[in-house]
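The numbering of the sequence shown is our numbering, which starts it at 55 and goes up by one.
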Amino acid sequence: MLINKKKNTKKGGKKTYGKFSKKKQFKKRFCRFCADKIEIDYKNVGLLKNYISDRGKIFSSRFTGVCVKHQRILTRAIKRARNIAIIPFVNL
Ligand SMILES: [Zn+2]
Numbered sequence: 055m056l057i058n059k060k061k062n063t064k065k066g067g068k069k070t071y072g073k074f075s076k077k078k079q080f081k082k083r084f085c086r087f088c089a090d091k092i093e094i095d096y097k098n099v100g101l102l103k104n105y106i107s108d109r110g111k112i113f114s115s116r117f118t119g120v121c122v123k124h125q126r127i128l129t130r131a132i133k134r135a136r137n138i139a140i141i142p143f144v145n146l
C-alpha cells in the first residue's frame, strides 16, 4: 500500500507571523516647510537659527526632517545669511 501521509503540511504553511508582524515604528516625519508652507528667507534669522547648531553648523536633513527640496533652499539661505554676516560661520 502506498499511502503518502503528508505530515508536515502545517509547518510549511503560513507561520511567519512572529518575525514580521511587528513593523518598525518610525515617527512620521514631515517637512515643516511643506506642511505649513513657510517660505525660507535668508533674512529670517529666527527661522534659520533653528537649523544650525550652536557651533554654527547646518543640521542635516536626517536630523531635522526637512525634505530634500527645502533642505537645499535652507542651506542656500543659511550660506547667504552667513555671507552678509547675519549668521556666524562658526561660534566659538
Ligand atoms: Zn519640504
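Glycine included, C-beta positions come from ideal geometry on N, C-alpha and C.
**Request:** Give the DSSP-derived three-state secondary structure of Lys-92 in the structure shown.
**Result:** As a working note, residue 92 is residue 38 in the sequence shown. Just to set this straight, residue 92 is Ile in the shown sequence, not Lys. The answer is coil: DSSP assigns Ile-92 none of H, G, I, E or B.
**Request:** Given a cut-off of 7 angstroms, decide if Tyr-96 and Arg-126 are closer than it, judged by their beta-carbon atoms.
**Result:** Within the sequence shown, numbered from 1, the residue matching residue 126 stands at position 72. Within the sequence shown, numbered from 1, the residue matching residue 96 stands at position 42. It is not a contact, given that the beta carbons lie outside the stated cut-off.
**Item:** Whole-Å CB distance - Val-120 paired with Phe-143, under 8 angstroms assumed
**Value:** Position 66 of the sequence shown, counting from 1, holds the residue named residue 120. Position 89 of the sequence shown, counting from 1, holds the residue named residue 143. Contact flag wrong, Cβ pair sits at about 21 angstroms.
**Request:** Starting from the Cα of Ile-140, find the closest Cα among Ala-89, Glu-93, Val-99 and Phe-113 and give me that residue.
**Result:** Your numbering for residue 140 matches position 86 in the sequence shown. Measuring from the Cα of Ile-140, the nearest candidate turns out to be Val-99.
**Prompt:** In terms of alpha-carbon separation, which member of Gly-110, Cys-85 and Lys-103 lies closest to Leu-146?
**Reply:** Sequence index remark: in the sequence shown, residue 146 carries index 92 (1-based). Among Gly-110, Cys-85 and Lys-103, the Cα nearest to that of Leu-146 belongs to Gly-110.
**Message:** Per the DSSP calculation, Ile-140 is bridged to which residue(s)?
**Reply:** Counting from one through the sequence shown, the residue named residue 140 turns up at place 86. Bridge partners of Ile-140: none, in fact.
**Asked** Among Lys-123, Asp-108 and Ser-107, which residue has its Cα nearest to the Cα of Phe-84?
**Response** The residue you call residue 84 lines up with position 30 of the sequence shown. Checked all of Lys-123, Asp-108 and Ser-107; the closest Cα to Phe-84 is Lys-123.
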